[in-house]
Each structure stands twice: as structure tokens, then as C-alpha cells.
Amino acid sequence: MGADTPALSNDVLDSTQRVIHEALTRLGYSEEYYELLKEPMRLLTVRIPVRMDDGQLRVFTGYRAQHNDAVGPTKGGIRFHPSVTAEEVSALSIWMTLKCGIFDLPYGGGKGGIICDPRTMSLGEVERLARGYVRAISQIVGPNKDIPAPDVYTNAQIMAWMLDEYSILRENDSPGFITGKPIVLGGSRGRERATSLGVAIAIREAAALQGMSLQGLKVCVQGFGNVGSHLASILNEWGALVVGISDVHGGIYDEQGLNIPELLDRRDSFGSVTSLFDNRLSNDEFLTLPCDVLVPAALENQLTLDNVADIRAKMIVEAANGPTTIEASEKLHERGVLVIPDVLANAGGVTVSYFEWVQNNQGYYWPEEEVNEKLEKKMVEAVHKVMDMAQSRNITPRLAAYMVGVKKFAEASRLRGWV
Numbered sequence: 237m238g239a240d241t242p243a244l245s246n247d248v249l250d251s252t253q254r255v256i257h258e259a260l261t262r263l264g265y266s267e268e269y270y271e272l273l274k275e276p277m278r279l280l281t282v283r284i285p286v287r288m289d290d291g292q293l294r295v296f297t298g299y300r301a302q303h304n305d306a307v308g309p310t311k312g313g314i315r316f317h318p319s320v321t322a323e324e325v326s327a328l329s330i331w332m333t334l335k336c337g338i339f340d341l342p343y344g345g346g347k348g349g350i351i352c353d354p355r356t357m358s359l360g361e362v363e364r365l366a367r368g369y370v371r372a373i374s375q376i377v378g379p380n381k382d383i384p385a386p387d388v389y390t391n392a393q394i395m396a397w398m399l400d401e402y403s404i405l406r407e408n409d410s411p412g413f414i415t416g417k418p419i420v421l422g423g424s425r426g427r428e429r430a431t432s433l434g435v436a437i438a439i440r441e442a443a444a445l446q447g448m449s450l451q452g453l454k455v456c457v458q459g460f461g462n463v464g465s466h467l468a469s470i471l472n473e474w475g476a477l478v479v480g481i482s483d484v485h486g487g488i489y490d491e492q493g494l495n496i497p498e499l500l501d502r503r504d505s506f507g508s509v510t511s512l513f514d515n516r517l518s519n520d521e522f523l524t525l526p527c528d529v530l531v532p533a534a535l536e537n538q539l540t541l542d543n544v545a546d547i548r549a550k551m552i553v554e555a556a557n558g559p560t561t562i563e564a565s566e567k568l569h570e571r572g573v574l575v576i577p578d579v580l581a582n583a584g585g586v587t588v589s590y591f592e593w594v595q596n597n598q599g600y601y602w603p604e605e606e607v608n609e610k611l612e613k614k615m616v617e618a619v620h621k622v623m624d625m626a627q628s629r630n631i632t633p634r635l636a637a638y639m640v641g642v643k644k645f646a647e648a649s650r651l652r653g654w655v
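The numbering used here applies: residue 237 is where the sequence shown begins, and numbers increase by one.
Following this line, the structure appears as C-alpha cells:
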């Protein structure tokens, strides 16, 4: 399941809207475009009754946000987490729109979530909740309407249950309804490591632009869940030195490089391994370690005005959603620290989800090497497109990414006559 990520605060939605506004203004679009794009076009709240194993009935609250479908169906993950809020899924749906625009995918952004803690629930309870959620949102989702995927604390098995429930409701097999499925049910090879591989490619390309080689590059990875652990493994295979990793218990560091295969072998199902070590660092200490690249791959709001002056990394690559506040990002930019934003760096997942949807639609499935090659091409193009925009306009990569991402939706909305 995904990394443990608390709900995004209203501040994150507000700051996202501020950058959207600046991006549209710099592109020459009027306030009308901002009014259209600042919030999801649709936000559904549902109540899901679930009979628990002890016989008691619990009613869960869930959400599905669809930001903008001017260029195609909406697309985005479903998270199961106790801190899910309407504001969170709204902000995340906007970020999904930006990712789809940056990577030129024929989707708008969507996002869903249920307020629950699956870590305290049995598999049967999670399955009944997943199926109930699909029944509740079934009228607004589908292969050509809105395509869900895994997110925090959801996985391929939960996608399989959701696929089965949707197929029962529609009385036909609909593999294109959902992505991140098991391969035997129409999932794509390469999907499990897609986000991590995308981040690794972004690190490689951004490092090259900074005149740094990946060989021997010292990297600290905050978060050792699905994304962080796969990323550490890939970077280790490519010759980088992963000198630090952290999880919910703290961080560990070795300037000569950590034994990543051993750590991967010893981590538990929730991505924890540092509890096995006595010399753990606090999260605050971990973020300020000396390294070439710091990869926040866990929580939002990790780099803020409170600690940004102590950051010693030469480059920040955001694998998590919203780990750097807008203000901290600007301070880092002023100091010459390159920040590769989340909407660019961690979009490998939605890109390979798109490949999965394409394979479902055509009924022909690609080998993993082909999936990875197509992802690499998309990632390299996107990184250079955003960095070229940032350099030519002398703006932060975050603002450049927003400008690249939002333009497609502003144009599509104009051509449809919505504005």
C-alpha cells in the first residue's frame, strides 16, 4: 500500500490556487479562466455503509473530485486514510490535471478518498468498503468518464475488487475502468515501479542539467514506502550513492552509501526499517543532511520557512505530493537550489496508468521493457520542456510546470466555448 500521508491542509489548496492564478496570468489568460480552473468542476460526497466483522454497521464518508474534463476523461487515485478531506482531494485533482497537461496525456485530473484507517480493518472489511465506494460513485466513473487508480493505503488487490464490483454493476468486463490492477486482470507491466522510475529519470536529467553525473551522486530519500524503496533500489542499480533513508521511526545515514538491498530485505509491509537501528536521526536532522539530492517521498509540508535555511542539499526532487511549501520553494530558488516539483517528478504513475488504459482499450499488452522505454521518453521530454520554460522566463521550475500543465486545459476550455 502507499506511503502514510496526512491530509493536505486548506493552505495547500490555497497555495495551489495562487500558483494556478500566476501561471494563467503570465500566459495571458483572463480571470475567467482562473474562475473555471481554480476548483474541481465536480465534487461528490458519498456515505458508505459497511457491516464490520463484529456485526456492527459503520458508515464511512468518501469523496470523488473531478477537476476538468475538457481534454478527456478525468484520472486519479483513490486513497484510504483517516485524514482524507474534501479540500485534500480537490487539491490533488488539480495536481493531476497539471500532470496530465505536462505529460500531454488525454486526461483531466481526478482524485478520490475515503476517511478510514485500513491498518485497523480486516481484509474482508476493506473489500466491503472498496465495493461500497464503487457502488456509490458508479454513475460518474467509467473508462470514458473517470478512471481511478491506487493511492495512499490502496493497492492492486483493492483495484481488483473495485473492478469486479464495477463489472457486476455494468454487466460487462470493463478493464479500462481502473488502473493499477494486477497484471492477470489487465494491469500493465512496470506499473508498480512507475512512479519511482519516473523520479529516478527526473533526478538523472536534472542532475545532468546541473553538470552532475548520476555515478556517485549522493542521495537522501525521505520515506521508504512503495515509492521511496523502489527509488532507492533503482538509484542504487544506476550507480548513485543512497546515503540516507528515513521512515516513520526516523532516519539513518552513511556518507559511504547504505546497503540498499539489505534494507529492502528487512523492511516491513509498511516501509519501516529504521527501528532496527539504534543510531536513528530525527526527521528534522535527516532533512538537513549534506547530500547532492534530497528526495522527499513521504509527507507534505516537510520543507518550510522554518527549516529551509538549514537545507544543505544541492537539489530537491519531490517524489511526495506537496512536500515543499511555495514560500520555501522560492527561498531555495533564490539560493540556487534546484527544486523539481511534484507535478513533474512523480507523474510516472499516472503516465504508466495511461499506458495501462491504452493497453486495455486495444487488448494488446506490452512487455515491461517497452513500458519503461515509453515512460523514459515521456519523462525526458517533460523535464526538458519545464526546465526550458523556467530558464527562458527566469522563473521557478514549479511555476514553469504549472504554466506548461495548465495551458492545455485553458486552450481546450476556450475551444469548447466554456470561457
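Cβ atoms here follow ideal geometry from the backbone N, Cα and C, with glycine treated the same way.
| query | result |
| --- | --- |
| Enclosing beta strand (DSSP E) for Pro384 [first to last residue] | Asp382 to Pro386 |
| Inter-residue CB distance, Gly487 and Asn519 (contact presumed, cutoff 8 Å) | 7 Å |
| Cβ pair count under 8 Å reaching 3, the stretch 412 to 419 against the stretch 561 to 580 | no |
| Arg577 burial status per 10 Å Cβ neighbour count (16 or more: buried) | Reading the sequence as shown, one finds Pro at residue 577 and not Arg. By the neighbour-count rule (16 or more Cβ atoms within 10 Å), Pro577 is buried. |
| As assigned by DSSP and simplified to three states, the class of Tyr402 | helix |
| Own chain, CB closer than 7 Å to Arg262, minus 5 neighbours either side, in chain order | Met639 |
| Backbone secondary structure at Ala243 - three-state DSSP | Legend: pLDDT at Ala243 = 49, less than 50; position of this residue unreliable, value from coordinates given subsequently. The answer is coil: DSSP assigns Ala243 none of H, G, I, E or B. |
| Residue range of the beta strand (DSSP E) that includes Ile351 | Gly344 to Ile351 |
| CB of Ser329 within 7 Å of CB of Lys347, strictly | yes |
| Ala564 and Thr540 closer than 7 Å at C-beta | yes |
| Backbone CA spacing between Val325 and Asn557 [nearest angstrom] | 12 Å |
| Ala301 and Leu279 closer than 7 Å at C-beta | yes |
| Given Glu323 as reference, the closest of Leu445, Gln375, Glu275 and His257 once Cα atoms are compared | Glu275 |
| Unbroken beta strand (DSSP E) run spanning Val286, endpoints | Arg278 to Arg287 |
| Own chain residues within Cβ distance below 8 Å of Arg364, not counting five before or after | Val286 and Arg287 |
| Which of helix, strand or coil DSSP assigns to Gln458 | strand |
| Met551: first and last residue of the uninterrupted beta strand (DSSP E) it sits in | Met551 to Val553 |
| Cα-Cα separation, Lys550 to Pro318 | 35 Å |
| Residue(s) in a DSSP beta bridge with Gln302 | Arg278 and Gly346 |
| Neighbour-count burial assignment, Ser649, 16 or more Cβ in a 10 Å radius | buried |
| Residue ranges of each alpha helix (DSSP H) within the stretch 497 to 558, 4 or longer | 519 to 523 |
| Val619 beta carbon less than 7 Å from that of Ala476 | no |
| Between the CA atoms of Thr297 and Pro354 - distance to the nearest angstrom | 14 Å |
| Distance, Ile350 Cα to Thr241 Cα | Note on Thr241: pLDDT 49, under 50, position unreliable in the model; the coordinate value appears next. Taking the straight line from one Cα to the other gives about 13 Å. |
| Status (buried if at least 16 other CB within 10 Å, exposed otherwise) for Tyr229 | The structure shown has nothing for residue 229, since the chain only spans 237 to 655. |
| Among Thr524, Cys456 and Gly378, the one whose alpha carbon lies nearest that of Asp400 | Gly378 |
| DSSP beta-bridge partners of Val295 | Pro285 |
| Cβ distance (whole Å) where Leu433 is taken to contact Ala443 below 8 Å | Going by Cβ atoms, the distance from Leu433 to Ala443 rounds to 16 Å, so no, they are not a contact pair. |
| Residue from Gly345, Gly313, Glu647 and Gly423 whose Cα sits closest to the Cα of Glu604 | Gly423 |
| Presumed contact (8 Å Cβ cut-off) between Trp593 and Gly412, rounded CB distance | 5 Å |
| Nonlocal neighbours in the same chain, by C-beta distance under 8 Å from Ile562, ignoring five residues either side | Ser251, Arg254, Val255 and Arg634 |
| With 16 other Cβ atoms within 10 Å as the buried cut-off, status of Val295 | exposed |
| Range covered by the beta strand (DSSP E) that runs through Val325 | Per DSSP, Val325 belongs to no beta strand (DSSP E); it is in the alpha helix (DSSP H), Ala322 to Ile338. |
| Whole-angstrom C-beta distance between Val478 and Leu471, which should lie under 8 Å | 6 Å |
| Range of the contiguous beta strand (DSSP E) that encloses Thr310 | Thr310 to His317 |
| Sheet register partners of Arg483 (DSSP bridge) | The displayed chain sequence assigns Asp, not Arg, to residue 483. BP columns for Asp483 point to Gly486. |
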